[in-house]
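Asker:
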Amino acid sequence: WLVGLQQIHLYDHAGYFFICGAIAICAMILPGISGAYILWLLGAYETVASMIGIERVLHFDWTTQEITRLAAFVAGCAVGLIGFSKILQALLTHAQATTMAVLCGFMIGSLRRVWPFQKVMNPEVADFKHRQYESILPAAWDVQVTYCLLLAIIALVVVFVVQRLATSST
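Start counting at 1 in the sequence shown, then tack on 565, and there's your number in our numbering.
What follows is the structure, encoded as structure tokens:
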């Protein structure tokens, strides 16, 4: 559901950037959810990314309004990280199985975004980051399908080997 959402319009005040920072940082500590994607959904990604670009940072090239927005964003990140990590710790302590099931659901749900077989829904849009895609099943078994399946099997084997090594060393 989350990876299929459309971007909302940007609100241009410090309180909104505080909220965006708090929400995005929560996504960054959860597996399967991209904090950058959440920022994009909230309409704040391009603004925040442009403010922290290397050229602007090196030259301290910010307006007062941008400094205010960036400070609010950083404060939101700090509050969100501290608050959500405590919530996550409590959830893992008191409801570990349910919490792990939800986290696994996030990871499984994020696979929709990286599914290799997709159709462009708005081909008139030239900019890649603004294109919308729909997941499809491959029309026929070809080399691309074989490579995808082979890579998935290799990844699964690597995960099992790492897990085995981790449990045998403890």
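All C-beta atoms, glycine included, are put in the ideal place defined by N, C-alpha and C.
Using the C-alpha atoms, what's the distance from threonine 711 back to serine 733?
Answerer: For the purposes of this step, residue 733 is taken as the residue at position 168 of the sequence shown. For the purposes of this step, residue 711 is taken as the residue at position 146 of the sequence shown. C-alpha separation (whole angstroms): 33 Å.
Asker: What runs of the alpha helix (DSSP H), each 4 residues or longer, lie entirely inside the stretch 613–682?
Answerer: 619–623, 629–659 and 661–679
Asker: Tell whether a beta-carbon distance below 8 Å holds between glycine 674 and glycine 586.
Answerer: Here residue 674 is taken as the residue at index 109 of the sequence shown, counted from 1. Here residue 586 is taken as the residue at index 21 of the sequence shown, counted from 1. In this structure, glycine 674 sits away from glycine 586, with a CB-CB distance that is not shorter than 8 Å.
Asker: Below 8 Å on the Cβ atoms is my guess for tryptophan 605 versus methionine 616; work out the distance and round it to an integer in Å.
Answerer: Here residue 605 refers to the residue found at position 40 when the sequence shown is read from its first residue. Here residue 616 refers to the residue found at position 51 when the sequence shown is read from its first residue. Tryptophan 605 to methionine 616, Cβ: 15 Å. No contact.
Asker: Could you tell me whether the stretch 628–648 touches the stretch 703–710, using the rule of 3 or more Cβ pairs below 8 Å?
Answerer: Cβ pair count under 8 Å is below three, so no.
Asker: Which partner residues of tyrosine 698 appear in the DSSP bridge assignment?
Answerer: Sequence index remark: in the sequence shown, residue 698 carries index 133 (1-based). Paired residue(s): Val685.
Asker: Can you give the Cα-Cα distance for alanine 643 and tyrosine 576, rounded to whole angstroms?
Answerer: Here residue 643 refers to the residue found at position 78 of the sequence shown. Here residue 576 refers to the residue found at position 11 of the sequence shown. Alanine 643 and tyrosine 576: Cα-Cα distance of roughly 21 Å.
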